[in-house]
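A.B. asks: Structure below; questions to follow.
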Amino acid sequence: MKKVFSRPRSLRKVPFHYCPGCGHSIIHRLVAEVIDEMGLREITIGVPPAGCAVLAYFYFDFDMGESPHGRGTALATGLKRALPDRLVFTYQGDGDIAAIGTAETIHTANRGENITALFINNACYGMTGGQMAPTTLLGQNTTTSPGGREGLRDGYPIRLSEMLALTDGSAYIERTAVNSPVNIRKTKKAIAKGFKVQMDGLGFSLIEIVSPCPTNWRMSSHEACQWIEKEIIQYYPLGVIKDVTKRGQGC
Amino acid sequence: MKKVFSRPRSLRKVPFHYCPGCGHSIIHRLVAEVIDEMGLREITIGVPPAGCAVLAYFYFDFDMGESPHGRGTALATGLKRALPDRLVFTYQGDGDIAAIGTAETIHTANRGENITALFINNACYGMTGGQMAPTTLLGQNTTTSPGGREGLRDGYPIRLSEMLALTDGSAYIERTAVNSPVNIRKTKKAIAKGFKVQMDGLGFSLIEIVSPCPTNWRMSSHEACQWIEKEIIQYYPLGVIKDVTKRGQGC
Amino acid sequence: MNGRTSLKGYIEIDREFCKGCKLCIEFCPKGIISLSNNLNQKGYHPAYFTEENTKKEKRQCTGCSICAIVCPEVAIEVYRG
Amino acid sequence: MNGRTSLKGYIEIDREFCKGCKLCIEFCPKGIISLSNNLNQKGYHPAYFTEENTKKEKRQCTGCSICAIVCPEVAIEVYRG
Amino acid sequence: MRGNHVVAEAAIRAGCRFYFGYPITPQNETPEYMAAALSKLKDGVFIQAESELAAINMVIGGSMAGVRVMTSSSSPGISLKQEGISYLAALELPAVIVNMCRGGPGLGNIAPAQSDYFQATRGGGHGDYRNIVLAPSSCQELAELTMEAFDLADIYRIPVIILADGMLGQMMEPVEFPDHKNPKKLSPKDWALTGAKGRPGRVIRSLILDPVLEEEHNWKLMRKYERIQKKEVRYETFLLGDAKMAVVAFGTAARIAKGAVQKVREQGLKVGLLRPISLWPFPEKVLVELGKRVKLFFVFEMNMGQMVEDVRIALGRDGDIHFYGRPGGVVPTPLEISRIISSHYLRKRL
Amino acid sequence: MRGNHVVAEAAIRAGCRFYFGYPITPQNETPEYMAAALSKLKDGVFIQAESELAAINMVIGGSMAGVRVMTSSSSPGISLKQEGISYLAALELPAVIVNMCRGGPGLGNIAPAQSDYFQATRGGGHGDYRNIVLAPSSCQELAELTMEAFDLADIYRIPVIILADGMLGQMMEPVEFPDHKNPKKLSPKDWALTGAKGRPGRVIRSLILDPVLEEEHNWKLMRKYERIQKKEVRYETFLLGDAKMAVVAFGTAARIAKGAVQKVREQGLKVGLLRPISLWPFPEKVLVELGKRVKLFFVFEMNMGQMVEDVRIALGRDGDIHFYGRPGGVVPTPLEISRIISSHYLRKRL
Amino acid sequence: MLINTIFSGFGGQGVLSMGYIFAYAAMSDGRNVTYLPSYGAEVRGGTANCTIVISDEEIASPVASSPEFVVVMNNPSLLRFQNVVQSGGIIFLNATMIDARPIRGDIELFEIPANDIAKELGNERVMNMVMLGFFIKKTGLVSREAVEKTLEDTFSPRGKTMVTLNKKAFMEGHNYD
Amino acid sequence: MLINTIFSGFGGQGVLSMGYIFAYAAMSDGRNVTYLPSYGAEVRGGTANCTIVISDEEIASPVASSPEFVVVMNNPSLLRFQNVVQSGGIIFLNATMIDARPIRGDIELFEIPANDIAKELGNERVMNMVMLGFFIKKTGLVSREAVEKTLEDTFSPRGKTMVTLNKKAFMEGHNYD
Ligand SMILES: Cc1ncc(C[n+]2csc(CCOP(=O)(O)OP(=O)(O)O)c2C)c(N)n1
Ligand SMILES: Cc1ncc(C[n+]2csc(CCOP(=O)(O)OP(=O)(O)O)c2C)c(N)n1
Ligand code: SF4
Ligand code: SF4
Ligand code: SF4
Ligand code: SF4
Ligand code: SF4
Ligand code: SF4
Ligand SMILES: [Mg+2]
Ligand SMILES: [Mg+2]
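Read top to bottom, the protein sequences are chains W, R, E, Y, X, P, B and Z.
For the first sequence, this note's numbering assigns the number 20 to the initial residue and increments by one for each residue that follows.
For the second sequence, this note's numbering assigns the number 20 to the initial residue and increments by one for each residue that follows.
For the third sequence, this note's numbering assigns the number 21 to the initial residue and increments by one for each residue that follows.
For the fourth sequence, this note's numbering assigns the number 21 to the initial residue and increments by one for each residue that follows.
For the fifth sequence, this note's numbering assigns the number 580 to the initial residue and increments by one for each residue that follows.
For the sixth sequence, this note's numbering assigns the number 580 to the initial residue and increments by one for each residue that follows.
For the seventh sequence, this note's numbering assigns the number -3 to the initial residue and increments by one for each residue that follows.
For the eighth sequence, this note's numbering assigns the number -3 to the initial residue and increments by one for each residue that follows.
Right, here's the structure in full:
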């Protein structure tokens, strides 16, 4: 029989430190698969965040440069401007990209920097122990939104991707999820599309990936997947938000 | 004969340091007029920026607290949370509010902080000598966009107000200009509306005011007013962008 | 402005506050403000109210306040009556 | 999955990489993965492939790879042939 | 009670109702406690800011309004607050800032370290300014110093930094909270921005374009700093009476050093401990006095040598000063330190 | 040529093609020059970042890619870069950072000042680290030191700070640019991120969770710093040969002091000048040597007393050290300084 | 008298709460106590441990140079801590999870199949309380009553059954021999 | 020989470029020169000034303790700088804009109605070059040729008429008596 599914080349054979059922691990694999399939490993430079995925450089077998919390897109700007023919992507949590890094994200998109940002929306600060993130849903309990997030006290779940679509420099923005086999496949396609947009020199691309954090949501892995379907996706609908390669799309 | 126009009470009788024909001075007067007309002088706290208007506290005769460059809305958040029944407004340049202060602005709006931001869009960094601002138009010559701003090199003119309208915490957002008597009157109405929205406790309000900077645009005062009409307003259309007090408005 | 009888008005310009930006001159519908040839203490040529000279031409000040509204220096006071 | 003849397949689960999250178990359309009662070195109950036991019930592995796609630990290899 | 909770509880007992911060390990329990506790108080406000920068500027705003306000973070987050701290100092605004220091530089790790001593005591921000810096070494002291910090901040209109580390933040010890009474010295905040009711508008600003006036402002700050240096020095001595050798250490390192001193005392070595509690103002005079009696000094820090510079300045070149540093989050045991102490002691044949 | 233009031109001549910055007075002429000059070069990249934070992180990215890269700012902007500078140090990335220091703290003013000495030499960011800090005192030296800064940064993989002030940035003097040749010591950047062609993936990171390894990393940095302290000390002496009194000053203050020394020499007083050019590594040994001959020291800084601490550490308590500081952007004239020098000199009856 | 104890195991094995309850009980027994957890990122999936120092006098350092007691719940913990136990000290070992045994001859070893016992009680998670009961019984460092009181305080917010279950697990360990 | 000069006036009066051209001309005459402008926010609407030091040796400080020459273009500048001129020094005064006169007896005064002359040339703005011509003639610090060369270099990017106008203004000042 033929092996039809195995570990991609660009993913080192070391166990992840992520919690059981964590979406980061799935997304890591997808990124490695796409890079291998597109043959980009040798020209790829990834920028991991401060966040649960800070150790991403232990898993990916291509060049990786650590970013201070939230500054991934600025750092990637420096990298990409110096090496315009490389594939440069950032990998950032929702706290990283949409709270502390808001300004950098928006202005990088606005400059149309030719990089790809992967924005992992797990509705909380995973690494620091489950505090409220900008994407935390209203009513969601976290250690810093006791009794559930209240809009006027704690702020509302932010729509960063939609905001970025308003910038003239952004080329491709899509929201996906990794809570089911179908959505995982779509996520992979979206990542591939983002990288393609970059290799074609079209400008800033971003894929927002809704991702389970069973630990901080205090759910089983499967409940977490269902909660994404029932709650998160209702507020953050999946789909292409902007695509300059298609007429009529975008805003 | 009756005096029908004179200096408002809240504006001290000292000459402005602004250049001849500068929009800041006009906006200062409008703010003072509104505050006097609404009888708010004794409960007003203003937050001036780093920018040409840094000396605003010499002109306004109410309480003023200086902000580090770009952090006006964060500082105002602290003020307003401590004194929820005061009128708190920030006065910020486009570099201040839409470049270095992007994150603070967006998250303050997103929290629905009950403050009013006055965002003076003069398409350049006035105080530091006319560098490119986030609002500088494509093709516009500045000292840091030599040969005219190019989108992919220098970034595109940003639509901060439209982005802010996407946050659930923002209540009222309007873009006006001070390049003609009519627009000046509309600006005054918008400021009054913003303050009213705040006094009614409805959330974050912002008025983006397109304002001439004859010095850095290298134009006469009148040419600057015309350039606003012919160029800036084409890219940045005037009008209400979001108004939660009206049904059907906003997004 | 045309449809109704214009009220008589006049303005006072604070010579030392004025910076000679000419906005009042450009926007006054009656064209009755001019720039002085002399400099003020700050080194600007200030604007001045010329109604005296233009009365005969029916270009009287209406006290419409447009000049004051556009004046960045709050240098103009308007009287109407 | 129903419409066409299912190909025969099988999977291998790396016992030490598995963290017992049960996603493969929940998503396998054939319901042929189970959790072990024993702990692995990391202290998790790993999943294991149960096809041997379920063949008779026509719940054969199709090699559809769904389990591998959802497995966060890349602990599953899939064979089809 | 866990150190990070102690800080939060002490702040609330000192009348602080406004907390603005951003998560970072190893101090997250402070904002988490604040979130829960302040949301229960009618006048309590907790904001998880979008960043440390936003947090410190919310602190500036709150302080301008005249309320007691605090923030907390750990090393990288404190770096981001440097501009704001410089403003607080320039604007003469009271505020309490807690740094649960971790291993650095860069992202480093979350283990306990003391490598932000320079940043705290010399001003990591721009311009000539100082903060009061307090370094507790137990949960009990964390409680007391936090409460005191609010008073000092108000009395002197100055930012006060609590410099501790991940170990103190994470460890649990029984704590008794002293009753907090506002000190008599506290004058009403007649400088705060509250609305210009019945008075002209009031301005809080640090822009002083005329160098001569800015210099005057600097000297005014300097005079305040000199007053603080005279009045607010805090330190603890331990077995220094008959000591022939003095160990100097602060915070967690001092705690370890205390254990080590106890151990070498058991061996009959005459060693004592000087523990600066206020890192700025540094207990320079105490050291100068001590230097007249004691000739051998051993400075132990969980960094590569920072406070030792203040010891050198105090004692001069001829003081026989030995430094032992463990950077990067390594916490040596009292036993290790005691061995080094005794080897220095014996080599000198004291 | 104006100082701020000199910096920019020198950087380009040293092979720098990447500039990331944010406007702030009094250094705007540097980014403006860069914008014009780099847009004319095929491989030139100028970005006006959205903030100083973004700028320093672009610098990190560019440096990771192995190119020569720089940023410039002034005091408040430099405070905002402290986190990034700590990362550069931890990640061992070369970069050149120019601080045209202005009056502070807070917004302060734009007049020339030297009050960021502590921040630059002690590390205003978190963790144990050092930057090489060079302090030019003329436009010519601004050119030479800027070019050298890029070489030092590459050789030691370290951020190099040019610490000057608004006066140097704004003033114009004739400048001759030396030819720039890459020093032989320069090894290829085999650590840079360029894509893993034919090799395993490469990682640049500062997160080292294990305290033992993080400590090792700290000691590794420390060994590098010790190497630099041995090899890269720079200073200028002026009329110290027969001097009975030594003035110590850097940068603009040194320039004024030089004028003052000339004046008091005319009066027959035996006074010389020591001008540290590298503020870190500080010329400590030179001072120690000098202290053996000269007993009276006069330290003049345009701040409230920062470098004087390094002088104190070098000379010990018994060195007779007098400090004169002018913070806030005040620039005294050589005449004023000469009067203070001669009064000290005469009072001591040298 | 100054006693150092280290509890250690996987993040998921509840070693931090084991130590916490022990420390808390000692406090209510009127002793000076410090509790120092390992914390943060390394916890995720990795091993966790905490150090508890108990004394009748002021406690100088919360860091244990050479603990009297070490409780190990998994293999890596045994490897890491077997050499730091002080001579004459005791290792408490979770026999379900650990195949190896310490190689030193100068220390004592007590073992208990904590997971197995917990599984029998219907919830493998309470293995930590089983071990704690065993540890308290053997060392006698704090009174059983103090621990039971602490368990009640700690778990009652999470419901009556949680209290009962944990107490039961504690007693199972206490009575094990 | 070390000569300090301060040029001062309103921001809009072109005092900085006056000083710049003077400094540049001195450089091309082969002298050591430092040019130090006042700069930044205070310029907006306020007064501006610059200090030029010329010397045959290395210049220690670009700051002038007591300048030999001061050029004042407006009232505030006269007030500010009349007391710093060194005894025996010279003040150059723009008579169009300044009513007051220095009160010191130990200095010399040269005056010229710079605005008026410039206005006659059709552009009040070149009053700075009028003053510069006057200043150069009286002091002889640099050669006329050097200044004319500098004017050409500086203004030719802005067109031929600008060069001619500025040169003409310079010569008007130069020939004024
Ligand atoms: C300047 C700074 N502030 C705070 C932190 C602490 N910190 C590390 S990761 C993180 C946020 C993690 O949340 P997110 O970005 O959503 O990533 P996740 O862990 O959820 O994947 C924070 C606050 C830091 N490392 N640096
Ligand atoms: C941290 C920091 N960076 C930079 C500056 C310098 N600075 C002062 S105002 C300003 C921008 C002015 O532009 P804008 O906000 O558009 O206001 P304007 O002057 O145009 O009204 C800058 C960059 C500063 N004061 N602080
Ligand atoms: S805390 Fe959440 S995001 Fe982080 S590793 Fe665990 S499950 Fe994943
Ligand atoms: S520079 Fe522009 S914005 Fe600033 S005062 Fe002058 S005209 Fe106004
Ligand atoms: S009030 Fe009206 S008519 Fe009169 S001067 Fe002003 S603009 Fe002209
Ligand atoms: S608008 Fe005002 S400042 Fe401008 S010219 Fe008229 S009076 Fe003078
Ligand atoms: S390949 Fe498909 S059928 Fe086979 S075990 Fe995996 S999910 Fe089940
Ligand atoms: S999905 Fe993977 S990790 Fe989860 S139980 Fe199955 S094999 Fe184990
Ligand atoms: Mg997250
Ligand atoms: Mg602007």
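Every residue, glycine too, gets a C-beta built ideally from N, C-alpha and C.
What you are looking at is a predicted structure, and each value in this text was computed from that prediction instead of being measured.
Spell out whether any CB of chain X is found under 8 angstroms from the CB atom of Ala44/B.
C.D. replies: no
A.B. asks: Is Asp145/W near ligand 9 - that is, is its Cβ less than 7 angstroms away from at least one heavy atom of it?
C.D. replies: Residue identity differs from the one stated: residue 145/W is Gly in this sequence, not Asp. The answer is yes for Gly145/W.
A.B. asks: Please classify Gly870/X: does DSSP put it in a helix, a strand, or coil?
C.D. replies: helix
A.B. asks: Evaluate contact between the segment 153 to 168 of chain R and the segment 205 to 222 of chain R, counting only Cβ atoms and requiring at least three cross-stretch pairs below 8 angstroms.
C.D. replies: no
A.B. asks: Tell me the DSSP bridge mates of Ser25/R?
C.D. replies: Ser25/R is not bridged to any residue.
A.B. asks: Under DSSP, the beta strand (DSSP E) around Trp236/W begins and ends at which residues?
C.D. replies: No beta strand (DSSP E) holds Trp236/W; the alpha helix (DSSP H) holding it covers Pro233 to Trp236.
A.B. asks: What does Pro33/Z touch in chain P if you count any residue whose Cβ is under 9 angstroms from its own?
C.D. replies: Listed along chain P, the residues sitting closer than 9 angstroms to Pro33/Z by beta-carbon distance are Arg581, Gln749, Met750 and Met751.
A.B. asks: Between which residues of its own chain and Tyr172/B is the CB-CB distance below 6 angstroms, once the five residues before and five after are set aside?
C.D. replies: The residues Ile108 and Phe130, in chain order, have a CB closer than 6 angstroms to that of Tyr172/B in the same chain once the five nearest residues on each side in sequence are set aside.
A.B. asks: Would you mind sorting Thr135/W into buried or exposed? The rule is 16 or more other CB atoms within 10 Å of its CB.
C.D. replies: Using a 10 angstroms sphere on the CB of Thr135/W, the tally of other CB atoms reaches 16 or more, which defines it as buried.
A.B. asks: Please determine whether the Cβ atom of Pro684/P lies at a distance below 7 angstroms from any heavy atom of ligand 4.
C.D. replies: no
A.B. asks: For Gly907/P, does the count of other Cβ atoms within 10 angstroms reach 16, so buried, or fall short, so exposed?
C.D. replies: buried
A.B. asks: So what does DSSP say about Asn111/B, is it helix, strand or coil?
C.D. replies: Asn111/B: helix per DSSP, three-state reduction.
A.B. asks: If you drop the 5 nearest sequence neighbours on each side, which residues of the same chain put their C-beta closer than 7 angstroms to that of Tyr666/P?
C.D. replies: Ile639 and Ser785
A.B. asks: Under three-state DSSP, which class holds Lys39/Y?
C.D. replies: coil
A.B. asks: Of all the beta strand (DSSP E) runs that stay within the bounds of the segment 116 to 156 of chain Z, which reach a length of 3 or more residues?
C.D. replies: none
A.B. asks: DSSP three-state label for Lys864/X, please.
C.D. replies: Lys864/X: helix per DSSP, three-state reduction.
A.B. asks: State yes or no: is the C-beta of Pro68/W within less than 8 angstroms of the C-beta of Ala118/W?
C.D. replies: no
A.B. asks: Can you tell which of Thr831/P, Val887/P, Tyr696/P and Ile892/P has its C-alpha closest to the C-alpha of Pro913/P?
C.D. replies: The residue among Thr831/P, Val887/P, Tyr696/P and Ile892/P with its C-alpha nearest the C-alpha of Pro913/P is Thr831/P.
A.B. asks: Ala37/B by DSSP, collapsed to three states: which one?
C.D. replies: Per-residue confidence for Ala37/B stands at a pLDDT of 49, beneath the threshold of 50, marking its modelled position as unreliable; the derived number appears in the next sentence. Here Ala37/B sits in helix by DSSP.
A.B. asks: So does Pro27/W have its beta carbon nearer than 7 angstroms to some heavy atom of ligand 7?
C.D. replies: no
A.B. asks: Does DSSP put Phe729/P in a helix, a strand or coil?
C.D. replies: helix
A.B. asks: So is Leu105/B buried or exposed if we call it buried at 16+ other beta carbons inside 10 Å?
C.D. replies: exposed
A.B. asks: Along chain R, in chain order, which residues have C-beta atoms closer than 9 angstroms to that of Pro655/P?
C.D. replies: Ala69, Pro87 and His88
A.B. asks: Inspect the CB distances between the segment 593 to 608 of chain X and the segment 628 to 642 of chain X and report whether three or more fall short of 8 angstroms.
C.D. replies: yes
A.B. asks: Does the distance between the C-beta of Gly83/Y and the nearest non-hydrogen atom of ligand 7 fall short of 7 angstroms?
C.D. replies: yes
A.B. asks: In the DSSP output, what is Val648/X paired with across the bridge?
C.D. replies: Phe597/X
A.B. asks: Suppose contacts are defined by Cβ-Cβ distances below 8 angstroms. Is Ala243/R in contact with Pro256/R by that definition?
C.D. replies: no
A.B. asks: Would the C-beta of Pro68/W count as close to ligand 1, meaning under 7 angstroms from any of its heavy atoms?
C.D. replies: yes
A.B. asks: So is the beta-carbon of Cys718/P under 7 angstroms away from any non-hydrogen atom of ligand 1?
C.D. replies: no
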